[in-house]
Each structure stands twice: as C-alpha cells, then as structure tokens.
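Using our numbering, you'd call the opening residue of the sequence shown number 1287 and step up by one each time. We put the beta carbon where it would ideally sit given N, CA and C, even for glycine. Okay, so here's the structure we're looking at.
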Amino acid sequence: MLHLVPFAVPFGGDESLLVWELSSRPTAEALQRSLFTVFSRFGLLYSVRVFPNATVASSGFFAIIKFYSARDAHRAQKACNQKQLFQTSPVKVHLGTRHKAVQHNTLALNRSRCQELANYYFGFHGWSKRIIKLRDLYNLEERENEDIVTPLQKQSLKFCCALEVVFTSHECRSPGVGMAEEPLDKLEEGSLSFLMRRKVTQKLAIQKAMTDAFQKLLIVVLGKTFLIVIEVLQLISISCQLWVTTFKNQTKCLGCLCLICQGTPYMYTKLL
C-alpha cells in the first residue's frame, strides 16, 4: 500500500491517535514522556499532547498523538489498543476522526522539523544543503538609492538566499528561495548590535530557503514491488521523474519524487 508523507504539518485523522483512560497518578509531563517512548517505536512523532479529563468525567488524562505517516499511526493503534503499556490498566487507542467536508490549508513544516523528517528517513548524512547565492539586499539598495535620503525608521536589513537541498546518493536536488527582512530603528552600521542583527537576518533567509526547498519534496512509502510504484503514479497522474533501482541494481530514470521502496529510501524532487 502506498503512503504519502509530505513535508507539512499533519492534520488528517489518519495520522492522529486519541489515547484515553490514562491513569491520574503520574503527572501530565510524566505521561507525555511515557507516551512518547512507547509510540515513537512505531515511527516519527510530530507531537504528543496530554490533557486532563473534563471535570464531569472520571479523573485522569487523555492524549492526542500525531505521526507524520498514516501507516505508522495505524500500526501503533493496532498494537497498543487495549494494552497496559506503562500502567496497570489497559488504555484505549483510536484513530482520529476524519472530517471530509472541512477544508484544511496545508501548513509547511519549519526548517528544524523538515530536517528531523529528512534525518529519520534518509539518515543524518543522507542529505545536505548547498547555498548557491546569499545576497545582501540592504547594501544593494543603498547603492541604488545613494542620492535618496531615506528616514532611518524605514530602513531595514534584507537578505535573499538561493540554495538547494541535495540527496547525493540518489542524484536529487530540490531548489529553494527565501528572503528575510529585519527593520532598523537606529542605523549604527559597524556596531555590535548591527552586526548581530545582520547575522540573524542572514540565518533566517537561509532557513526560509531550506523550508521552501523541502516543500517541493514528497516521501512515498511503498510496501510492495517497484511495478506498483509505476502503476500508481500513472493512475494518480503525477507528472514527474522517478529513479527506480531495478532488480539488477541498475538505475533507470522514470521520474522525480521522494520514495521509499521495501525499506530503502529514494528521494526525488517534484517538478516545478
């Protein structure tokens, strides 16, 4: 079965678990740590949130656990429902409710979350970033407007970054662009505060470019053969290039997507 894992905040019911009948004896923080330990065995977690039961209900807690992958959430639900886990009484674990009529806007993961997801599927050394251009727009605007007097309160630091996220072993590159701006109330060029702001703005532009690059990637988790990959892509009309390793360990160019076949990760970028 094919499962898609985008670099986006999970919001669907398929990725969420509702856990209740949690004991009231530990603290919420202790329960959160215990739940994270148990459920992280099934896959990468986006969040674990623990809440007290309503006052009209019995004492205790319930939790909402979000995975990045719906497949991992299903596996966890089947394995943990009606099990004691870390307490003396069994807990109930159900999949979240899917509301088909409600339209959700996809929220992009921030840079650190994108890195966490990439590290989980491809390893810490399985990918890297390459900065193509980091432009200081503040100095550029100064040169262009050197004859125009600009009020200090309207001046700001600006950086634009162009980079690519590279998956070297899979010959995949995903481009990204980001721009960051930091307003300057008082211009003291050369001062320590100015240099620190400049460094922060520069770093933020790089982070935004990385986030943009990751949004063009998609992880496809497959549990069957490579032939199903091609058929599925044709059925859902994904126009892309896909690199698939054949049974003779020869590589053929068939498209562009982020892919995991039989436990082996393959990462490819969607066409712009």
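Suppose the cutoff is 7 Å on Cβ atoms and the five residues either side in sequence are ignored; what does the same chain contact list for residue i look like?
{"i": "residue 1632", "result": "Shown here, the chain extends from 1287 to 1558; a query on residue 1632 therefore has no answer."}
{"i": "residue 1357", "result": "1289, 1507"}
{"i": "residue 1382", "result": "1299, 1302, 1303, 1304"}
{"i": "residue 1498", "result": "1462, 1463, 1464"}
Let me know if residue i comes out buried or exposed under the rule of 16 or more other beta-carbons within 10 Å of its beta-carbon.
{"i": "residue 1408", "result": "buried"}
{"i": "residue 1376", "result": "exposed"}
{"i": "residue 1363", "result": "buried"}
{"i": "residue 1410", "result": "exposed"}
{"i": "residue 1294", "result": "buried"}
{"i": "residue 1341", "result": "exposed"}
Once you ignore the five residues that flank residue i on each side, which residues in its own chain have a CB closer than 6 Å to its CB?
{"i": "residue 1492", "result": "1447"}
{"i": "residue 1452", "result": "1414, 1416, 1459"}
{"i": "residue 1336", "result": "1314, 1317, 1318, 1347, 1349"}
{"i": "residue 1404", "result": "1413"}
{"i": "residue 1367", "result": "1379"}
{"i": "residue 1420", "result": "1447"}
{"i": "residue 1328", "result": "1358, 1361, 1362"}
{"i": "residue 1312", "result": "none"}
{"i": "residue 1373", "result": "1309"}
{"i": "residue 1330", "result": "1354, 1406"}
{"i": "residue 1351", "result": "1303, 1325, 1334"}
Does residue i come out as helix, strand or coil in the three-state DSSP assignment?
{"i": "residue 1416", "result": "strand"}
{"i": "residue 1410", "result": "coil"}
{"i": "residue 1352", "result": "strand"}
{"i": "residue 1445", "result": "strand"}
{"i": "residue 1344", "result": "coil"}
{"i": "residue 1453", "result": "strand"}
{"i": "residue 1393", "result": "coil"}
{"i": "residue 1327", "result": "coil"}
What residue range is occupied by the uninterrupted alpha helix (DSSP H) comprising residue i?
{"i": "residue 1460", "result": "No alpha helix (DSSP H) contains residue 1460, which is instead part of the beta strand (DSSP E) from 1458-1469."}
{"i": "residue 1500", "result": "1478-1500"}
{"i": "residue 1335", "result": "Per DSSP, residue 1335 belongs to no alpha helix (DSSP H); it is in the beta strand (DSSP E), 1331-1338."}
For the beta strand (DSSP E) that residue i lies in, which residues bound it at each end?
{"i": "residue 1307", "result": "1302-1308"}
{"i": "residue 1290", "result": "1289-1292"}
{"i": "residue 1375", "result": "Neither: residue 1375 is in no beta strand (DSSP E) and is coded neither H nor E."}
{"i": "residue 1295", "result": "Residue 1295 -> no beta strand (DSSP E), and no H or E assigned at all."}
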